[in-house]
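Have a look at the structure below before the remarks.
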Amino acid sequence: DFLLLGQTLAFTDNPLRCPWAACVRTERHGGLRVTGGIITALGPAEVLRAAHPALPVVDLGAALILPGFVDAHAHYPQTAMIASWGKRLIDWLDTYTFPEELRFADPDYAARSAARYFDLTLSHGTTTVCSYATVHPASVEAYFVEARRRGLRALAGKTCMDRNAPEGLRDTPQTAYDDSKRLLERWHGVDRLSYVITPRFSPTSSREQLAALGALYAEHPDCLMQTHISEQTDEIAWVAELFPEARDYLDTYEAAGLLGPTGLFGHAIHLTARERDRLAEVGAALVHCPTSNSFIGSGLFDMAGLASRCPVGLATDTGGGSSFSMLRTMAAAYEIAQLRGMALHPAQLLWLATAGSAEALRLGHRIGRLAVGMEADLVALDLASTPAIAQRAAEAEDLWEAVFPTIMMGDDRAVAGVWVAGAQVS
Ligand code: GUN
Ligand code: FE
């Protein structure tokens with residue numbers, strides 16, 4: 003039980019759906035009380051001190067206390083091949099991704115990779131990740147074992163593929179169903195872990211496999227379903243060839259029973275009007291992966307058009323994305339929105355990286371906001387972590403001007419502290 007004091011920022015509503023200033027409360031000298039891993043009070047520092055004079059105090063001064071960042075779409079097995087040069091999506095998968103994912107046939111390699119991955123995410127202030135594993139069940143085990151050891155809230159699923167992938171990365175409709183079901187029954191709801199049904203994307207699954215996973219999804223409506231949609235135009239053309247009967251890309255999932263209110267669709271860049279309407283009608287969530295979309299050359303997500311209609315999360319898409327940092331990811335989201343004529347406010351960027359992602363993962367009642375009753379997964383940001391950032395922050399007239407240089411130019415050096423369920427991890 004302790005008090006954590008610093009600048010605080012508490013969202014009361016989604017600043018992408020209403021004027022940002024009406025959605026957030028900031029406190030120059032604020033803080034929170036943490037009890038047994040839960041936030042039990044929030045307010046001005048002097049009020050907290052007066053109410054709890056006997057509690058130990060961690061005073062972070064001018065540092066900004068935020069909910070830990072939530073990365074709503076990543077591939078932890080791609081940690082070792084992030085920033086691979088010169089390819090676009092399909093060639094990038096064939097050249098770099100699949101050879102690396104083949105290495106996860108070795109459970110020891112998977113275990114070492116998971117440990118290294120969580121070291122990286124935590125050092126960047128990310129306390130929850132929703133990851134794809136590989137086709138190997140042991141890659142899911144490795145991720146959940148490591149997340150559980152660290153007390154993390156974490157989500158993942160076995161990536162299912164039964165075609166257009168190399169021997170050694172392919173399962174079948176039946177083994178995809180059986181292995182996913184076994185992993186789900188073993189891990190879903192254990193401690194802070196959630197299993198996510200994970201067909202990679204339509205080009206690497208047969209209709210039969212998509213339908214088998216659709217059946218599993220129908221049996222477990224409390225589980226999320228994650229996949230990719232409409233990331234690159236070549237990919238969309240390939241889906242049209244592979245599924246001539248489908249109305250569009252989304253229909254390949256819908257026909258298999260994979261479109262539901264707990265769906266999590268990564269990228270969602272080149273959507274048709276029907277797909278947008280259908281996703282909004284169903285209440286599915288979209289995940290924006292901006293560093294990936296520029297790095298692989300995919301396109302510009304329509305934040306203005308989509309965030310008003312669907313829950314939208316923010317994600318690194320490691321290792322198609324070019325950074326482990328949600329700060330860098332917010333900067334890329336800002337830049338992509340600018341290229342589409344929208345200036346995202348720092349409040350909107352911070353929302354996306356915390357509560358927005360948490361809501362997309364249907365965990366908005368547990369993580370992603372500073373509020374009483376929420377789990378105490380926290381990050382503290384030093385808003386003057388480099389000379390270039392410090393000289394900009396020194397001129398700031400309010401919190402938003404003070405934090406924006408860190409969003410645009412900050413990296414893991416800005417992470418002054420990370421707490422998982424109330425325990426400091428760095
Ligand atoms: N589409 C299918 N698989 C992947 C992947 O691993 N990364 C990205 N960025 N897109 C994909
Ligand atoms: Fe991805």
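Just so we're aligned, residue 3 is where the sequence shown starts under full-length UniProt numbering, counting upward by one. Note that CB positions come from ideal geometry on N, CA and C, so glycine has one too.
Extent of the continuous alpha helix (DSSP H) run through Leu308 | Met305 to Leu308
Does DSSP put Thr129 in a helix, a strand or coil?
-> strand
In angstroms with no decimal places, state the Cα-to-Cα distance between Phe146 and Phe303.
-> 31 Å
Which of helix, strand or coil does DSSP assign to Trp353?
-> helix
At what residue ranges does the segment 243-316 contain a whole run of the beta strand (DSSP E), taking only runs of 3 or more?
-> 265-269, 287-290 and 314-316
Identify every run of the alpha helix (DSSP H) within the segment 103-176, keeping only runs that are complete inside it and at least 4 residues long; order them along the chain.
-> 109-125 and 139-151
Within 9 Å, strictly: CB atoms of Asp319 and His269 | yes
Mind checking which residues open and close the beta strand (DSSP E) that includes Tyr197?
-> Leu195 to Pro201
Environment of Val85 [buried if 16+ CB atoms lie within 10 Å] = For the record, residue 85 in the displayed sequence is Ala; it is not Val. Exposed, since its Cβ has fewer than 16 Cβ neighbours within 10 Å.
Under the rule that 16 or more other beta-carbon atoms within 10 Å means buried, what is residue 1, buried or exposed?
-> Because residue 1 is not part of the residues shown, which for the chain are 3 to 428, the question remains open.
Where does the unbroken beta strand (DSSP E) through Phe406 begin, and where does it stop?
-> Per DSSP, Phe406 belongs to no beta strand (DSSP E); it is in the alpha helix (DSSP H), Leu401 to Met411.
Quick one: what's Glu29 bridged to in DSSP?
-> Thr10
For the ligand FE, which residues have a Cβ under 6 Å from at least one heavy atom, in chain order?
-> His75, His77, His230, Gly268, Asp319 and Gly322
Say yes only if the C-beta of Phe326 is nearer than 8 Å to one or more non-hydrogen atoms of the ligand GUN, and no if none qualify.
-> no
Find out if the Cβ-Cβ distance for the pair Ala156, Val131 is shorter than 9 Å.
-> yes
Can you tell me which of Phe13, Gly8, Asp3 and Leu5 puts its alpha carbon nearest to the alpha carbon of Ala357?
-> Phe13
Using 8 Å as the cut-off, classify the Cβ of Ser294 as near or not near the heavy atoms of the ligand GUN, replying yes or no.
-> yes
Ser141 versus Thr129 - alpha carbon distance = 20 Å
Using a Cβ-Cβ distance under 9 Å, would Thr10 count as near chain D?
-> Chain labels in this structure do not include chain D; a single protein chain is all it has.
Delimiting residues of the beta strand (DSSP E) encompassing Thr42 | Ile40 to Pro46
How big is the Cα-Cα spacing for Gly322 and Ile409?
-> 21 Å
With 16 as the cutoff for other CB atoms within 10 Å, does Arg415 come out buried or exposed?
-> exposed
Give me the Cα-Cα distance between Asp61 and Val417, rounded to the nearest whole angstrom.
-> 15 Å
Neighbour-count burial assignment, Ala23, 16 or more Cβ in a 10 Å radius | exposed
Say the cut is 8 Å; is the CB of Ser228 nearer than that to a heavy atom of the ligand GUN?
-> The sequence given here has Gln at residue 228, not Ser. Gln228: no, Cβ never under 8 Å from the ligand GUN.
For Ala362, collect the residues of the same chain with a Cβ closer than 7 Å to its Cβ; drop the 5 residues on either side in sequence, then sort them by chain order.
-> Ala74, Leu266, Ala287, Val289, Pro313, Val314 and Gly315
Looking only at C-alpha atoms, which of Pro223, Leu185 and Ala178 sits nearest to Arg202?
-> Ala178
Touching by the beta-carbon criterion (3+ pairs, under 8 Å), the segment 342-353 and the segment 388-396 | no
Given a threshold of 16 other Cβ atoms within 10 Å of its Cβ, counted over all protein chains shown, does Cys25 qualify as buried or as exposed?
-> buried
Could you spell out the range, first to last residue, of the alpha helix (DSSP H) harbouring Pro69?
-> From DSSP, Pro69 is part of no alpha helix (DSSP H) but of the beta strand (DSSP E) over Val59 to Pro69.
Since Met227 is in the alpha helix (DSSP H), which residue starts that stretch and which ends it?
-> Counting along the chain, Met227 falls outside any alpha helix (DSSP H), though it belongs to the beta strand (DSSP E) covering Leu226 to Ile231.
Looking at Cys291 and the ligand GUN, is the gap between the Cβ and the nearest heavy atom below 8 Å?
-> yes
With a threshold of 16 other CB atoms inside 10 Å of the CB of His367, please say whether the residue is buried or exposed.
-> exposed
Boundaries of the alpha helix (DSSP H) in which Trp94 is found, first to last residue = Leu91 to Trp94
For residue 1, count neighbouring Cβ atoms within 10 angstroms of its own Cβ and tell me buried if that reaches 16, exposed if not.
-> Limits of the chain in this structure are 3 at one end and 428 at the other, which puts residue 1 out of reach.
Classify Ala76 as helix, strand or coil using the three-state DSSP reduction.
-> strand
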